[in-house]
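Residue numbers (my numbering), protein chains in the order written: chain A, 1 to 284; chain Y, 285 to 799.
Take a look at the structure:
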C-alpha cells in the first residue's frame, strides 16, 4: 500500500507540474488522456457515462468536486455520486490528479464539444455502431493464447506485466483460490462490455496499471486474445453463479437428511438427561 | 494346545458388604491425578441398579463388546469400517454426564472465612472447570437405593423379566439388593485391544494383564466404546486412555492388588489359571447358552501332565505352574463350579469370576407370632406383633426357587440368561451352608443334610473345603501370586535384536530431575 500511495503522490506531482497553461489543443489532449478512455462526448457509454451535455444535468460545482475526486464523494456517501457508482458496476473512477483550472478547462471543452449540437452528437452516436467487434471471429487459439497471456505463461510482446500479477480470474485453476490480486476481474467483461474492456486494456486509466504499462503497451492481437479470454471466463462465471446458492443449500439439506438417516440411532444426549432435568438448580 | 497363564480373580458376592474400601484404595493409589478424577478403575455397584457409568450394561446405547456374525464375531461399535465411518466423531462414547462431573469442596473457606453471622460453608467446585457447580451425580449415586424408579428399575438386566416379576422385586418390605464390585476383567478376548487403531493396548504375555501403553495411545477412545464393561477411561488432561492395571507393580513384588489387599469382607481371590489359547475364538463365538461352558472348558487342569508339558513348551515357568496348582480361582471356577463370569454374552471371555450371592433369603410375614410366650431377657424386645420375618422354609431349595429375586435376574448377570446354571451354583452354596449348620449347630436332620449335599452334587469333604476357602482363608490362600521372573525381563533388555536393523532405539525418555 505504501508503494501505491507513493506512486500516486509522484504521479500527482507529475500531472500538476505539467499542467500549467491550457490551450484548447492541450485540453483536447488532456481529455483524451484522462477521460477519453472511459468516456465519450456523444459517443455512447463506455466504462463510464457519455458526457454529452453533462453541464445540463449537474451543477458545475458538483462536477468539479466529482472530477477532482469521485472516490471521496462516494466514500462520503453523496447520494448522486453513489447512484452513479452503483449504476456503473461499482467501477470507481480514478482520481485524475489535475488542478481545478484544468478541470474547468475540461468542462469547457466538454461543453464546447456537446455544443456542437445534437447533430454532432447524433453523428457520433451513429458512428458508434459501426465499430465492429474485434472478437467476433475468435478461435479457440485466441482463447488459449488469451489465457496464457493472462496467466503469464506467454509474455506480452512489449514486456508488460502479466495480468495475473495483480488480478485473479475465478474460472482459471491457476491461483484461483488463493490470489494475491487487487481485484477479481472475472466479471469485468460482463459488466463493462467489449468496448469498455478494450479501452481499459489499450489505455489503462487506473494509475497503477497505467504506470505498469507505460511504454509497454499491449499489442492489438494481445488485446483481442485477452478480450476473448475475459469474455469467456465471465460467461463461465455467470453460469456458475446462477443457482449456485440453491444447489449448495439443496446439497446441504440432502447431506443432513442422509447423515440423519445414517446415524439415526446415535447417542445424542447423556443417559442421565431426564434425571438432570428434574434436579433443582441453585441460582448461581 | 497353546497353553498360557493368566492371573484370574474371583469375587465372592455373598461376602461383599458394599463398603467401597476397594474403590478408595484404588483411587488413592492410581486415580487421584488431574484428568482421572472421574475414573473409578474399581467401583462397587448396587444391584439392581444402573451402575457406573449409568446403564453400562446396555450395549444398545454404548455398543461395547462383540457380536456374533456368521459363525465368527465382530466388534459391535468399533473396527475398520465402523471406525472409518465415525472417524471424526465416535457417537457411542459415554460423555462426562454419563459418568459424573467430579467435584471437591472449597474446604479452605471453612477456615479462612471472615467472622460473619452465619457459619461458612464449603461450596462444591468442579474438578474439571474449577468453578462452583451443582452436584448432579456421583459414581455410586444409587448406593443402596434398590427400588428407585430412576436407578433400580432401569437396570438393563430387568429386560427379560415380566412386569409382574419386576414389581414383585420392588415391593415394600420385600425389597432386596446386593453389591457388585467391578474392576477390569483382563479378558482373554479383550474388545479394547481389538479396537485400538494405534495398537496401544496389549495383553501381557506372562500374566495376561491388559495394559494401555501411554506412549502409543493416540486418544482414539475406541477402547472406551469397545469395552462392554466401560472399564477403559479417557484422561482428558493427558489425552490418553487409562484403565485398571491390576496393580502389576504390586503383583511383581508379590503383593496383592490394592483393592484386594484392602478388602474388608475378604471377598477377593486371585490366582493363576492355565488356559488353551487355541480355543479363544471358538469359545467367544459360541451360542449364548453355550458361552459359559466353552469359556470354562478353556481353563485347563494344572495337574494334568499333558497340560504341564505343553505349558513348559510355551515357556510358562515352573513357579507359575505351581502357583496355578494352588490357585483359589481354579478351585472356585473349575473344581467346585461356584464362580461365573459377568455378562458372558459380551463375548470378551472375562477372567474375573463372581460367586453369585445366595441372596435374598426368602422371608414371609408370619401369622401372629406365638412362639415367644415370654421375654427371654428383661431388656429384650417382646415379639408379639405380626411383623416378624420367617426366614425358614420347609422346602429344601425353597430359598432358591422362591427367591425374592427371580433367578432370571441372576442369570442375566452371570450366565447370559441360563437359569439352570445359576441354580446349580446357588444349590451348592446352600448345601454348604446346610452342611456347616449341621456340623457347627447340629440342629438339622442328617437325612435332610445328605439330601442337600446329594442334590447339589457336593460331598462333605468338598463342602468343608469350600467353607474353609470361603470363610477362613488367610492372605496366602486367597492370593497365590506367582513370582515375577525379573531375570527374564532383564534378559529382554539385553536382547539387542529388537533395535538392530530397525530405525532408532525406541522412545527417548527424558531424564527425571528434581521433584
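Yeah, the Cβ is synthetic: ideal placement off N, Cα and C, and Gly gets one too.
Nearest candidate by alpha-carbon position, reference residue i, set the options
i, options, result
"residue 322 (chain Y)", "Y:423, Y:496, Y:415", "Y:423"
"residue 494 (chain Y)", "Y:635, Y:745, Y:723", "Y:635"
"residue 745 (chain Y)", "Y:727, Y:619, Y:518, Y:760", "Y:619"
"residue 289 (chain Y)", "Y:369, Y:347, Y:297, Y:609", "Y:609"
"residue 476 (chain Y)", "Y:501, Y:456, Y:460", "Y:501"
"residue 92 (chain A)", "A:205, A:272, A:254", "A:205"
"residue 388 (chain Y)", "Y:413, Y:340, Y:754, Y:760", "Y:413"
"residue 471 (chain Y)", "Y:398, Y:524, Y:632", "Y:632"
"residue 693 (chain Y)", "Y:295, Y:461, Y:406", "Y:461"
"residue 218 (chain A)", "A:97, A:201, A:231, A:211", "A:201"
"residue 356 (chain Y)", "Y:473, Y:456, Y:489, Y:308", "Y:473"
"residue 232 (chain A)", "A:136, A:98, A:259, A:73", "A:136"
"residue 526 (chain Y)", "Y:728, Y:316, Y:342", "Y:316"
"residue 112 (chain A)", "A:269, A:60, A:71, A:24", "A:24"
"residue 411 (chain Y)", "Y:724, Y:521, Y:591", "Y:521"
"residue 496 (chain Y)", "Y:598, Y:537, Y:480, Y:314", "Y:480"
"residue 512 (chain Y)", "Y:484, Y:771, Y:344, Y:311", "Y:344"
"residue 504 (chain Y)", "Y:771, Y:757, Y:374, Y:341", "Y:374"
"residue 441 (chain Y)", "Y:342, Y:311, Y:563, Y:725", "Y:342"
"residue 353 (chain Y)", "Y:572, Y:602, Y:615, Y:459", "Y:572"
Integer-rounded CB distance, given that residue j should sit under 8 Å from residue i
i, j, result
"residue 580 (chain Y)", "residue 478 (chain Y)", "Actually they are not in contact, since the Cβ atoms of residue 580 (chain Y) and residue 478 (chain Y) sit about 22 Å apart, beyond 8 Å."
"residue 698 (chain Y)", "residue 625 (chain Y)", "7 Å"
"residue 229 (chain A)", "residue 106 (chain A)", "Their Cβ separation, rounded to whole angstroms, is 34 Å, which puts residue 229 (chain A) and residue 106 (chain A) out of contact at 8 Å."
"residue 607 (chain Y)", "residue 379 (chain Y)", "Between residue 379 (chain Y) and residue 607 (chain Y) the Cβ distance is about 42 Å, and since that is not below 8 Å, they are no contact."
"residue 639 (chain Y)", "residue 622 (chain Y)", "5 Å"
"residue 705 (chain Y)", "residue 576 (chain Y)", "6 Å"
"residue 384 (chain Y)", "residue 420 (chain Y)", "7 Å"
"residue 568 (chain Y)", "residue 350 (chain Y)", "6 Å"
"residue 467 (chain Y)", "residue 543 (chain Y)", "6 Å"
"residue 436 (chain Y)", "residue 332 (chain Y)", "4 Å"
"residue 709 (chain Y)", "residue 287 (chain Y)", "Incorrect: roughly 27 Å between the Cβ atoms, too far for contact."
"residue 605 (chain Y)", "residue 586 (chain Y)", "6 Å"
"residue 445 (chain Y)", "residue 690 (chain Y)", "6 Å"
"residue 430 (chain Y)", "residue 330 (chain Y)", "7 Å"
Neighbourhood of residue i by C-beta distance below 7 Å, restricted to the same chain and skipping five residues each side
i, result
"residue 299 (chain Y)", "549, 550, 551"
"residue 130 (chain A)", "Summary for residue 130 (chain A): the model assigns pLDDT 47, below 50, so the residue's position carries little reliability; its value from the coordinates is reported in the next sentence. Nothing meets the Cβ criterion."
"residue 733 (chain Y)", "718, 719, 722"
"residue 138 (chain A)", "228"
"residue 48 (chain A)", "38, 39, 88, 93"
"residue 140 (chain A)", "none"
"residue 278 (chain A)", "none"
Counterpart residues of residue i in DSSP-defined beta bridges
i, result
"residue 527 (chain Y)", "Y:516"
"residue 376 (chain Y)", "Answer is none; residue 376 (chain Y) lacks a bridge partner."
"residue 328 (chain Y)", "Y:465"
"residue 288 (chain Y)", "Y:559"
"residue 583 (chain Y)", "Y:559"
"residue 486 (chain Y)", "Y:495"
"residue 354 (chain Y)", "BP columns for residue 354 (chain Y) are empty, so no partner."
"residue 553 (chain Y)", "Y:294"
"residue 388 (chain Y)", "Y:409"
"residue 638 (chain Y)", "Y:295, Y:624"
"residue 763 (chain Y)", "Y:554"
Close beta carbons around residue i, own chain, < 8 Å, minus the five adjacent residues each side
i, result
"residue 125 (chain A)", "Interpretation of residue 125 (chain A) is limited by its pLDDT of 43, a score under 50 that renders its predicted location unreliable; the figure taken from the coordinates is listed afterwards. Excluding residues within five positions, the ones whose Cβ falls inside 8 Å are 42, 43, 44."
"residue 100 (chain A)", "64, 68"
"residue 301 (chain Y)", "463, 548, 549"
"residue 730 (chain Y)", "722"
Chain-order list of residues whose beta-carbon lies under 6 Å from that of residue i (same chain, five-residue window excluded)
i, result
"residue 280 (chain A)", "none"
"residue 695 (chain Y)", "701, 702, 703, 706"
"residue 740 (chain Y)", "711, 712, 715"
"residue 103 (chain A)", "64, 67"
"residue 394 (chain Y)", "404, 406"
"residue 491 (chain Y)", "291"
"residue 555 (chain Y)", "611, 612, 613, 764"
"residue 386 (chain Y)", "321, 322, 411"
"residue 296 (chain Y)", "551, 639"
- Contact list for the segment 262 to 282 of chain A against chain Y, Cβ threshold 7 Å: 263, 266, 267, 270, 271, 272, 275, 276, 279, 281, 282
- Message: Beta carbons nearer than 9 Å to chain A: which residues of the segment 335 to 360 of chain Y have them?
- Response: 337, 338, 339, 342, 344, 345, 346, 347
- Residues of the segment 433 to 453 of chain Y with a CB closer than 8 Å to any CB of chain A: list them in chain order, please. Within the segment 433 to 453 of chain Y, the qualifying residues are 434.
- Which of the residues in the segment 355 to 389 of chain Y, read from start to end, lie with their CB under 7 Å from any CB of chain A? 375, 376, 379, 381, 382
- Members of the segment 406 to 420 of chain Y that neighbour chain A once the beta carbon cut-off is set at 8 Å: 416, 418, 420
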